[in-house]
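>
Numbering (my numbering), first residue to last: 164 to 411.
1. Distance check for residue 179 and residue 343, CA to CA, integer angstroms please.
2. With DSSP run on the structure shown, which of helix, strand or coil describes residue 220?
3. Can you round the beta-carbon distance between residue 272 and residue 219 to whole angstroms, since I take them to be within the 8 angstroms contact cut?
4. Near residue 309, which residues of its chain fall below 7 angstroms by C-beta distance, leaving aside the five closest residues on each side in sequence?
5. When DSSP labels each residue in this structure, what does residue 169 get in the three-state scheme?
6. Mind checking who residue 243 pairs with in its DSSP beta bridge?
7. Which partner residues of residue 264 appear in the DSSP bridge assignment?
8. Can you grab the Cα-Cα spacing for the pair residue 257 / residue 351, in whole Å?
9. Do the stretch 368 to 377 and the stretch 317 to 326 make contact, defined as three or more Cβ pairs closer than 8 angstroms?
10. Excluding sequence positions up to five away, which residues of its chain have a Cβ less than 8 angstroms from the Cβ of residue 334?
11. Nearest-angstrom Cα distance between residue 274 and residue 303?
12. By DSSP's criteria, residue 203 is part of a beta bridge. Which residues make up the other side?
13. Given residue 189, which residues of its chain have a CB within under 7 angstroms of its CB, disregarding the five upstream and five downstream residues?
14. Using the three-state DSSP reduction, which class does residue 276 fall into: helix, strand or coil?
15. Would you call the CB atoms of residue 250 and residue 240 closer than 7 angstroms?
16. Out of 279, 248 and 238, state which residue places its alpha-carbon closest to the alpha-carbon of residue 216.
As structure tokens, then:
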């Protein structure tokens, strides 16, 4: 029996649609406080939210500021709030998020201008967990071998692209600038459970501080916000258990 696979209906994706954007704007050189600006334009349903912002900047308002780089969901630079949820502008199509868009900068980090936030506090928290392999022994002229089973132990948390969507979706992170945040914990997890690494206890000591994993209230916002589908809350709970039970 031969099964015929029907081609996807591309008509709905290439047709032009009217898109209305409401964007939160802030320029510290001239504005006392943030305000909203509205824009109307025509786009294809297959265009992304990032395409919409590029169109606004290129054809309507050249003063609009936002970050972008690869535009393929790899660099993580264009995290923003789209209709109240943390998402990457480059991977969300108009056909999936709708034609009436409310766009804001992510929360919990200082706004530099419009959708551009200061990522330095985020990266300082990331650096604090020693996010690199630490092994004092000399492997000589060979690899540090690892079984597929040992590699699978931390596979999920290797997917992080440091977009900040998880941390900036966290209510604790919004309210407490000292909280290290989900992204830093995810990147600590990646090395804590790496069988080749020798600094797990050092990282667990860092995460056992007042600003560490115990600030997490398990709201699952971080897991829902992650564009890579990382089980962020699960990773945080695994680190908590390692602190309590698995230290060597």
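Just so it is clear, CB atoms sit at the ideal spot from N, CA and C, and this is done for glycine as well.
From the atom records:
1. The C-alpha of residue 343 lies about 44 angstroms from the C-alpha of residue 179.
2. DSSP, reduced to helix, strand and coil, places residue 220 within a helical segment of the structure shown.
3. About 22 angstroms separates the CB atoms of residue 272 and residue 219; that is not less than 8 angstroms, and the two are not in contact.
4. So the list reads 358 and 359, once near-sequence residues are dropped.
5. The predicted model places residue 169 with a pLDDT of 47, which falls under 50 and marks its position as unreliable, so this point remains unresolved.
6. Paired residue(s): 250.
7. 184, per the DSSP bridge assignment.
8. If you draw a straight line from the Cα of residue 257 to the Cα of residue 351, it is about 35 angstroms long.
9. The stretch 368 to 377 makes no contact with the stretch 317 to 326: fewer than 3 CB pairs, one atom from each, lie closer than 8 angstroms.
10. Within the same chain, 380, 382 and 384 come within 8 angstroms of residue 334 by CB-CB distance, once the 5 residues on both sides are set aside.
11. Going from the Cα of residue 274 to the Cα of residue 303 covers about 48 angstroms.
12. Residue pairing by DSSP places residue 203 opposite 183 in a beta bridge.
13. Answer for residue 189: 197, 274, 276 and 277, listed in chain order.
14. Residue 276 falls in the strand class under three-state DSSP.
15. Result no, Cβ atoms of residue 250 and residue 240 do not sit closer than 7 angstroms.
16. Here the closest residue by C-alpha is 279.
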